[in-house]
Amino acid sequence: MPSPDEQADNLPLLLHATHDEPIYRLEAILHDIIKHSPEGRKIASEWLLGAKSEAKYKPVVPSSTTPGASALPIKHESISEPKGKEPISPRIENCIYCLEDFDVTQNSETSCRYHVEHDIVDAEFFQEEIAAGIDVDNDDHRLAWPDKFYYPCCGRDLIDEQCQIGWHKAADPGDRPRKRFTRTEVI
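Letter 34 of the sequence shown, counting from 1, is numbered 183 in this note's numbering, and no numbers are missing.
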């Protein structure tokens, strides 16, 4: 009996099988493909990695405004990267403003839409539930009554457009947690 990869055309079956598998299993399969197949590494690199020079972020304005100061953008060089190779980084990042994933090579001054403040409950609409001690500040109520939650930054509700438009921003590597600490009990 031939193995599955020797069958004439198992592509439709494989594509169908990916829809039925849990995400953790698909992730493990992708890890194996990346580890054991140069072609798999190449394809994954094209989707997941990009040259740092391709990344588009909000332009940095020089902090010095004194006369004669250079108006050229500041170029940051990485100390850890070898000089002969172009540094690479993840192509997909998560925005700290809108909390969505974004492609760093497609970022622009109008890519991100977000609110400056978190939404809050319209207490007047839910006054009976609140008086009865019912917690209305939850996702179920947001889905059922999206127009009864609003953003204090602009007064818009959940179904209106966001009030801020700008560049996506990924968390700075220095802001990301580096280690996880566990507490030990003292006897």
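We put the CB at the ideal spot given by N, CA and C, even for glycine.
As the structure is a prediction and not an experimental result, all values here were calculated from the model.
Within the same chain, show all residues whose beta-carbon is closer than 8 Å to that of S212, passing over the 5 residues directly before and after it, in chain order. In this predicted model, S212 has a pLDDT of only 39, less than 50, meaning its place in the structure is not dependable; the value taken from the coordinates is given anyway. Result list for S212: empty, nothing under 8 Å.
May I ask you to report which of helix, strand or coil DSSP gives V265? coil
In three-state DSSP terms, what is Y246? coil
State the Cα-Cα distance for the pair K191 and I183, rounded to the nearest angstrom. 8 Å
I believe I279 touches A272 by the beta-carbon criterion, under 8 Å. Please report the beta-carbon distance rounded to the nearest angstrom. 6 Å
Closest to D306 by CA distance: which of F298, V285 and T254 is it? F298
As assigned by DSSP and simplified to three states, the class of L307: coil
Taking only three categories from DSSP, how would you classify A293? helix
Excluding the 5 residues preceding and the 5 following I245 in the sequence, name in chain order all residues of the same chain whose CB lies nearer than 8 Å to its CB. K318, A319 and A320
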